[in-house]
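*Asks:* From first to last, the protein sequence lines stand for chains A and B.
Just so we're aligned: 516 in full-length UniProt numbering is position 516 of the first sequence, and the numbers increase by one with no gaps anywhere.
Just so we're aligned: 295 in full-length UniProt numbering is position 295 of the second sequence, and the numbers increase by one with no gaps anywhere.
The C-beta atom is built at its ideal place from N, Cα and C for all residues, glycine as well.
The structure presented is a predicted model; accordingly, all values stated were derived computationally and were not measured.
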Amino acid sequence: MAYKDADCRKTPKKKKKKKTNMASLSSDEWRAICDKFTNAQNLTDVESRNDPENDLFRSKYKARELLREIYCSLKSFEAGEGDEDGGAESSEQRAAEPPVDGQREDGFGEGFSGDSPAGLRAAKLGAVEYYLGVNHVDTEELSAGQEHLMNCMKQLGRCRVTSENVSLFIHVRNQLGILWAGRDETETAQGFLETAESIYQRYMKEDGSPPTDMTEYFTSEEKLPTHQERTKRFELAYTHTMYYLAQVYQNLGETERAATYCHTTLQRQLQLNQFSPMEWALNAATLSQYYITKGRYMEGRHCLSAATVISGLAGEAPSEAVAQESETESDRREQLRQKRAEIARCWIKYCLNVLQDSKKLLEDNIGELDTDRQEELKRARRQEEEDEEKGRKSALLFGSEDTFDSIASLEEKVCCLSPLDFTEARGVFLVGQNYVKQAKEYFQMDGYVTDHIEILQDHSALFRGLAFFEEDLERRCKMHKRRVDMLEPICNDLNAQYYLLIRRQLMFELAEIYNEMMDLKLTLANRQADTQSLDNHTIKKFNSLCSASAKYFQMFLDSLCSPEGKVPEHLEEEVLRPALVARFRVARLHSRLISPLLSAQLDNLNKSLENYKYVAEYCETHPEAAAAVETELELSKEMVGLLPLKINRLKAKMATNN
Amino acid sequence: MSKNKSSESVKVVVRCRPLNRKEESNGPAGGIVQMDLRLGQVILRNPRAPASDPQKTFTFDAVYDASSKQRDLYDESVRPLIDSVLAGFNGTIFAYGQTGTGKTYTMQGAWMDPEKRGVIPNAFDHIFTHISRSQSDKQYLVRASYLEIYLEEVRDLLDPKHGSARALELRESPESGVYVRDLTSCVCKSIKEIEEVMNMGNQARAVGATDMNEHSSRSHALFLITVECSQPGPDGRKHIRVGRLNLVDLAGSERQAKTGVQGERLKEAAKINLSLSALGNVISALADGRSSHVPYRDSKLTRLLQDSLGGNAKTVMVATLGPSSLHYDETLTTLRYANRAKNIQNQPRVNEDPKDALLREFQMEIARLRAQLNHRKWRSKQKKEQVDGEAWERDEDEESEGEEEEEEVVEKDAEEYVKLEEQRLEMEKEAIKGDQFMLAEEKQRLLGEKERMMGDLRKEQEATAQLTAKYKAMESKLLVGGKNIIDHTNEQQKMLEMKRQEIAEQSRSEREIQQQMLVQDDETLELRETFTSLQQEVEAKTKKLKKLYAKLQCIKAEIKDVNDEHVRSRQELEQTQNELTRELKFKYLIIENFIPPEEKNKIMNRLTFDP
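1) Looking at the secondary structure, which residues open and close the beta strand (DSSP E) in which GLY119 of chain A lies?
2) Would you mind reading off the limits of the alpha helix (DSSP H) that contains PHE234 of chain A?
3) In the DSSP output, what is PHE94 of chain B paired with across the bridge?
4) Less than 8 angstroms between the C-beta atoms of SER167 of chain A and MET242 of chain A, yes or no?
5) Does DSSP put GLU363 of chain A in a helix, in a strand, or in coil?
6) Alpha carbon to alpha carbon, how far is LEU355 of chain A from SER2 of chain B? Give it in angstroms, no decimals.
7) Distance cutoff 8 angstroms, beta carbons only. Does ARG104 of chain A sit that close to anything in chain B?
8) With H, G and I counted as helix, E and B as strand and the rest as coil, what does DSSP make of GLY40 of chain B?
9) Within the 8 angstroms Cβ cut-off, does ILE131 of chain B reach chain A?
10) Is LEU282 of chain A close to chain B, meaning its C-beta is less than 8 angstroms from at least one C-beta of that chain?
11) Note down, in chain order, every chain A residue with its Cβ under 7 angstroms from the Cβ of ALA285 of chain B.
12) Spatial neighbours of GLU475 of chain B within its chain, please: CB distance less than 8 angstroms, with the 5 preceding and 5 following residues excluded, ordered by chain position.
13) Report, in whole angstroms, the separation of the C-beta atoms of VAL85 of chain B and VAL227 of chain B, which I expect to be a contact under 8 angstroms.
14) Would you check if the segment 104-117 of chain B and the segment 137-155 of chain B touch, i.e. whether three or more CB-CB distances between them fall below 8 angstroms?
15) Hey, is ALA467 of chain A's beta-carbon within less than 8 angstroms of any beta-carbon in chain B?
16) Whole angstroms are fine: how far does the CA of TYR552 of chain A sit from the CA of GLU634 of chain A?
17) Runs of 3 residues minimum, wholly inside the segment 97-173 of chain B: which ones carry the beta strand (DSSP E) assignment?
18) Skipping 5 residues on each side, what residues in its chain have a beta carbon closer than 7 angstroms to that of PHE463 of chain A?
19) Taking buried to mean at least 16 other C-beta atoms within 10 Å of its own C-beta, is residue 705 of chain A buried or exposed?
20) So the alpha helix (DSSP H) residue 614 of chain B belongs to, where does it begin and stop?
21) Under 8 angstroms, Cβ to Cβ, is there at least one residue of chain A near SER176 of chain B?
22) Going by alpha carbons, who is nearest to THR139 of chain A out of A:SER599, A:SER59, A:TYR261 and A:ASN151?
23) Over the uninterrupted alpha helix (DSSP H) stretch that includes GLN289 of chain A, give me the two end residues.
24) Can the beta-carbon of LEU650 of chain A be found closer than 8 angstroms to that of LEU597 of chain A?
25) Could you name the residues of chain A that ASN312 of chain B contacts, counting a contact when the two beta carbons are closer than 8 angstroms?
26) Leaving out five residues before and five after ALA550 of chain A in sequence, what residues of the same chain have Cβ atoms less than 6 angstroms from its Cβ?
27) Here's the rule: buried if 16 or more other CB atoms are within 10 angstroms of the residue's CB, otherwise exposed. What is GLY315 of chain A?
28) Between which residues of its own chain and THR11 of chain A is the CB-CB distance below 7 angstroms, once the five residues before and five after are set aside?
29) Kindly list, in the order they appear in chain A, the residues whose Cβ is closer than 7 angstroms to that of GLU228 of chain B.
30) Would PRO623 of chain A be called buried (16 or more neighbouring beta carbons within 10 Å of its own) or exposed?
31) Under 8 angstroms by Cβ, that's how I've got VAL63 of chain B and GLY40 of chain B pegged, so tell me the actual separation to the nearest angstrom.
32) Distance, Cα to Cα, LYS294 of chain A vs THR265 of chain A?
33) Along the segment 439-464 of chain A, where does the CB come closer than 7 angstroms to a CB of chain B? Name the residues.
34) Taking three-plus beta-carbon pairs below 8 angstroms as touching, is the segment 322-337 of chain A in contact with the segment 361-370 of chain A?
35) Between the beta-carbon of ASP75 of chain B and the beta-carbon of LYS11 of chain B, is there less than 8 angstroms?
36) Given that a residue counts as buried once 16 or more other Cβ atoms are within 10 Å of its Cβ, and exposed if not, what is LEU518 of chain B?
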């Protein structure tokens with residue numbers, strides 16, 4: 001922000017003079033007003049929390065009375081003092097202004113200067129109206145509250161924006177924004193809040209000195225806040241404006257703008273040092289998840305790096321020994337560990353999405369690395385790198401001087417561009433894997449089953465992404481083996497009743513991994529022994545992988561059956577495609593099993609046919625299913641036609657052999 | 001629809017309370033809710049619509065009108081659920097409805113008056129009566145927990161330090177799914193005990209209520225009962241079945257709407273969060289996506305009850321209504337919600353031999369204690385043998401008396417043994433004292449030794465007694481069926497209950513048949529395509545026409561509702577537009593009359609449109 005501490009040291013004198021001016025009129029009376037005001041504030045903020053249930057707003061009503069008294073006294077001052085008021089009074093009689101606060105130039109045009117006596121009086125009256133308005137809104141008298149707030153607007157309408165009243169300008173619009181949003185009039189709210197935004201920006205550009213806080217109007221001189229305090233309160237009000245705007249945009253469905261304003265809110269919290277580190281970090285990490293789903297990895301990475309650095313400010317989690325001794329310490333340990341683990345999980349998703357996106361980019365139509373495309377993208381890379389540099393300069397960045405460097409250095413550890421070869425992909429993978437380790441330390445199997453498994457699934461997906469870039473098939477196969485090793489035991493240990501859905505996911509994934517490994521082994525074997533037939537060892541390996549894959553697909557299918565083992569007649573929509581695909585794959589796997597025995601071959605082919613038939617028949621009886629499995633259905637139908645021929649040939653062969 | 005046989009939908013019953021005095025005095029035309037008990041239908045009249053408008057009709061599994069008794073509702077709708085809990089299923093009963101429609105009356109009722117006791121006390125009664133009447137080879141363990149969810153925090157209502165206690169955490173285990181860590185669970189042996197548990201929790205809830213405004217209408221209360229039953233199976237091993245019963249008193253439905261359980265999220269979402277502490281919620285709503293991780297989770301209630309809504313449980317939902325015309329909108333909302341709930345499918349299964357059954361632990365503990373006791377007995381027997389041969393024979397007799405009295409035997413044995421031992425020691429002491437020839441020193445030493453032996457003896461005795469007490473305490477927690485069949489009336493009562501159940505069953509099936517008939521009426525009309533005469537065809541067609549016409553009217557009315565709404569909003573918009581135009585004209589007038597043209601031009605030139 002443009003505002004610097006140094007700019008603000010010029011104005012204070014002017015202010016004090018005028019304050020004494022006002023007070024000198026009748027200093028005792030003035031003091032009484034100040035006291036009343038302090039009292040009212042106290043009633044609103046402190047006392048009201050202890051109000052009994054049957055008299056919910058007791059303190060607030062008391063505060064309201066006090067504010068009314070202040071208002072009357074101010075009015076009487078005014079009557080005794082000003083003559084130019086006559087004109088102003090009549091202007092209040094004008095037709096009610098429309099509530100929409102659309103005029104952008106609002107407040108910077110004509111009118112009293114904020115520091116003229118008339119302007120100051122208007123500001124004071126406006127402030128009391130503002131407090132009355134908030135009071136009414138708090139006590140659920142919305143229309144009365146609105147009236148007071150609009151009165152405040154009217155008072156301010158007579159003034160120009162200066163450091164004396166800018167704070168009130170913003171506060172009253174914030175309140176009106178909230179009020180209208182509560183009535184579902186989001187656009188109206190948007191108008192008020194956007195005006196507040198533009199007033200702030202213009203004020204900071206043109207003046208920028210620490211503005212008078214509204215409470216100062218009624219504070220005796222010795223208690224006036226410092227410049228820092230003033231700035232802090234003013235900036236906080238604007239932070240709220242940003243925050244409310246974020247919500248307004250969200251309600252209007254403008255997610256991108258909403259995200260920008262959330263980002264700004266976070267940035268301001270950091271800059272003004274008004275945040276709790278862990279909470280802030282978690283919010284930043286969550287925001288990163290918005291960016292990564294939109295493919296904006298640079299912003300996502302920035303949010304995550306900032307989250308990690310800021311979460312470090314919360315200090316080390318107390319050790320287990322310390323935690324055992326006191327409850328607060330153990331709470332703290334729990335909180336810190338959990339939130340850091342959550343941030344780690346956000347990082348995992350970042351790495352995963354980067355890998356998967358680039359896989360999508362480089363994939364050819366059979367899911368292998370497309371080298372032409374790879375070359376092309378590498379050539380385009382230089383341009384992208386320049387763009388990144390530019391983007392970094394224009395983006396909203398987090399951080400103060402002391403955190404900026406550590407955030408930047410953390411960002412350098414992982415790239416935000418799509419990796420194009422194995423080395424780059426491995427870099428991303430390793431970062432992801434490291435966060436997997438961190439997240440698993442907290443989200444252990446015992447106590448956090450679902451979370452733990454989600455992390456494992458992500459880990460497996462990271463391997464899958466990396467395997468895509470690996471050219472050595474032997475090593476690629478090993479990566480898939482790692483995936484099997486982490487998922488298989490869990491899949492078998494889980495309670496089938498409580499974790500049905502998770503187990504289904506795991507079964508399907510395991511089946512696919514085994515299938516993948518089987519294909520790899522076959523390619524390898526074919527490569528090595530070009531012309532010769534496969535050796536025994538390979539066949540054995542191939543068959544075991546093949547049947548493992550079929551086994552898991554079958555397990556998945558069995559999990560859909562009723563407790564009595566009956567196959568459901570009708571597949572629910574969310575399992576329709578997986579179930580039919582599983583059937584199809586089982587059929588295919590059975591037909592691929594290698595066996596020297598003719599009878600076994602026949603068996604396998606029959607099983608295969610049976611499953612193909614199921615797919616075809618199911619789609620016949622449930623025509624709506626056909627759309628979900630178009631290619632599979634086509635192939636199945638073909639196979640249903642062809643397989644019987646093959647079976648017959650086999651039977652004939654068996655007959656002749658016998 | 002073709003469904004799995006194993007799945008069943010959530011059972012929804014609707015209950016309407018009578019008009020209260022206040023409503024009677026100012027409501028002009030009585031209630032807006034009509035109920036057809038036979039068909040299980042609720043007919044809702046819109047008090048603001050003209051009488052010619054078709055009324056809205058909803059069909060449920062059962063409906064209970066203002067004159068219905070607590071007992072009816074229990075027997076017909078709840079009893080089967082509790083029976084299945086006793087058979088090892090998971091069961092859930094929800095009460096749902098606007099505040100002041102009798103949720104608490106339905107769930108709790110008036111405890112003192114047997115006629116007015118609600119679902120919960122009746123369920124207690126049911127469970128313990130069932131246990132006392134079951135066969136004696138069944139062992140039961142009943143546990144109860146009570147918790148509330150307030151502002152997304154789970155609080156234990158049975159914790160004596162409820163007010164200051166920390167919020168509990170939800171955890172998951174690979175074997176048993178979601179559970180609440182450190183939740184107090186009280187073993188209950190009788191109706192009285194479980195009622196005490198309930199009262200204790202209610203008090204804790206009441207205390208919370210005075211601390212915070214509107215607490216009770218915002219908090220959900222869950223009373224959880226676990227019934228474990230062990231019975232020797234045909235294979236001779238003991239099989240354990242665990243039934244869980246959740247009794248849920250949801251927060252008032254007007255709050256529900258606002259917490260997003262319903263589709264009415266929009267209204268609430270438009271409200272702006274004032275405090276920056278809710279920034280997290282705002283951001284996480286942005287980052288809603290499948291490929292991302294959002295660190296804020298499902299609501300606690302949803303997680304705790306995930307089994308009850310679309311999982312492994314049988315569920316009954318009691319929706320409560322108020323008949324007053326003042327609450328038309330809320331009543332309609334409740335009915336619509338209840339109507340949707342009918343479509344939720346559950347897959348209940350018996351929980352057989354789960355790994356976490358406490359009963360098994362108890363049984364093992366008891367077996368262990370018994371083994372220890374036996375061991376001690378054996379040891380003391382050996383010692384006794386050394387001292388006195390006579391006791392041995394008696395022992396044998398006693399042993400044959402069977403396990404039931406074992407502990408008594410042990411006690412008796414121990415006492416006897418101690419007595420003998422003491423006598424022996426005394427005698428020896430005397431002997432030593434009497435021995436004039438011994439040195440005084442030596443004598444002292446020997447005496448001391450004897451004293452020590454006596455002490456040891458006593459310690460051992462105490463240990464045995466403790467063990468016995470522990471054993472008894474453990475065993476007393478287990479309830480064994482068949483103990484209480486002393487009174488002859490039991491049998492008759494059982495018969496009575498069965499009859500009552502039959503009646504309930506029959507009225508239920510009657511209603512079902514009626515409902516089916518209605519459905520089939522429609523179908524048969526279509527099927528009856530072969531007409532014998534033209535006359536019949538005309539008749540049938542007219543009937544069909546009438547039916548369709550009624551349906552048409554219904555739909556028309558719906559359309560009209562929607563149209564009206566649009567018209568209204570259009571009018572409002574027009575009005576606003578008129579006002580704005582007027583305003584604009586007024587402004588122009590002012591500009592024309594008060595601002596000199598050259599000034600105006602200047603202003604116009606300097607204006608820029610800033611969208």
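*Replies:* Put simply:
1) Run containing GLY119 of chain A: none in the beta strand (DSSP E); it sits in the alpha helix (DSSP H), 117-138.
2) 227-251
3) B:VAL248 and B:MET317
4) no
5) strand
6) The predicted model places SER2 of chain B with a pLDDT of 36, which falls under 50 and marks its position as unreliable, so this point remains unresolved.
7) Summary for ARG104 of chain A: the model assigns pLDDT 41, below 50, so the residue's position carries little reliability, and this model does not support an answer.
8) coil
9) no
10) yes
11) GLN250
12) ILE366
13) 6 angstroms
14) no
15) no
16) 24 angstroms
17) 139-150, 153-156 and 170-173
18) MET479, ARG482 and ARG483
19) There is no way to answer for residue 705 of chain A, as the model of chain A reaches only from 1 to 658.
20) Here chain B has residues from 1 to 611 only, and residue 614 of chain B is not among them.
21) yes
22) A:SER59
23) 277-293
24) no
25) GLN497 and TYR498
26) VAL586 and LEU589
27) exposed
28) In this predicted model, THR11 of chain A has a pLDDT of only 39, less than 50, meaning its place in the structure is not dependable; the value taken from the coordinates is given anyway. Excluding positions up to five away in sequence, the list reads SER163 and SER209.
29) By Cβ distance, chain A contributes nothing, its closest Cβ being about 17 angstroms from GLU228 of chain B, past 7 angstroms.
30) exposed
31) 5 angstroms
32) 20 angstroms
33) MET445, ASP446, GLY447, TYR448, VAL449 and THR450
34) no
35) no
36) exposed
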